[in-house]
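Residue 355, in my numbering, is where the sequence shown stops; the numbers in between run on with no holes.
Quick reminder that beta carbons are idealized off the backbone N, C-alpha and C, glycines included.
Working notes for the structure below.
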Amino acid sequence: MLAYGRQCATQKEGASLTHAAIVGWGKCLPPLILTNQDLATFLPTDDEWITTRTGMKERRISHVPGIELAITAARRAIACAGMSGKDIELVIYGSCSNDELVPNSASGVQQRIGATQAASFDVNTACTSFMYGLSIGTSMIKTGIVKMPGDRR
Numbered sequence: 203m204l205a206y207g208r209q210c211a212t213q214k215e216g217a218s219l220t221h222a223a224i225v226g227w228g229k230c231l232p233p234l235i236l237t238n239q240d241l242a243t244f245l246p247t248d249d250e251w252i253t254t255r256t257g258m259k260e261r262r263i264s265h266v267p268g269i270e271l272a273i274t275a276a277r278r279a280i281a282c283a284g285m286s287g288k289d290i291e292l293v294i295y296g297s298c299s300n301d302e303l304v305p306n307s308a309s310g311v312q313q314r315i316g317a318t319q320a321a322s323f324d325v326n327t328a329c330t331s332f333m334y335g336l337s338i339g340t341s342m343i344k345t346g347i348v349k350m351p352g353d354r355r
């Protein structure tokens with residue numbers, strides 16, 4: 203997910219507002235799938251029991267660190283947006299299963315995507331990390347802390 207600010211005029215007052223927009227997206231999933239049926243071969247459970255309690259049908263098992271998945275997804279989002287790493291001003295990495303705590307994972311993504319002018323930080327709020335990261339990023343764009351490409355001062 204990639205968001206940045208744009209200027210737009212309000213219809214009422216003609217004032218300029220900055221807002222966030224999703225301009226590119228990318229994903230990267232590990233290829234190995236572990237299904238509920240697979241779990242039932244070595245645990246006393248079944249697909250129905252797991253699905254009714256968690257909603258999960260399958261989970262992915264990675265052979266690489268999570269940061270590698272994030273770097274690939276970020277590169278795809280940047281390409282989708284028609285941007286480069288140098289256009290990125292903020293990297294927010296949301297997870298609670300980081301491979302290491304220090305340095306944070308966001309700084310590793312920031313470095314590997316070439317976002318040389320970007321700030322970066324992790325949001326460690328498990329399943330809600332995407333929503334928290336989106337909210338924080340949007341707030342930083344709206345307040346002008348993060349500028350849109352071409353509007354850096």
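{"Item": "Give the list of continuous alpha helix (DSSP H) stretches no shorter than 4 residues that lie fully inside the stretch 302-336.", "Value": "307-314"}
{"Item": "If we count Cβ pairs, one from each stretch, closer than 8 Å, do we get three or more for the stretch 235-251 versus the stretch 278-285?", "Value": "no"}
{"Item": "Is it true that the CB of residue 332 sits closer than 7 Å to the CB of residue 296?", "Value": "yes"}
{"Item": "Skipping 5 residues on each side, what residues in its chain have a beta carbon closer than 6 Å to that of residue 326?", "Value": "298"}
{"Item": "Residue 224: buried (16+ other C-beta within 10 angstroms of its C-beta) or exposed?", "Value": "exposed"}
{"Item": "In this structure, does DSSP put residue 220 in helix, strand or coil?", "Value": "strand"}
{"Item": "Apply the 10 Å Cβ neighbour rule to residue 294 and answer buried if 16 or more other Cβ atoms are within range, or exposed otherwise.", "Value": "buried"}
{"Item": "Buried or exposed, going by whether 16 or more other CB atoms sit within 10 Å of the CB of residue 231?", "Value": "exposed"}
{"Item": "Need the endpoints of the alpha helix (DSSP H) that residue 270 sits in, please.", "Value": "268-282"}
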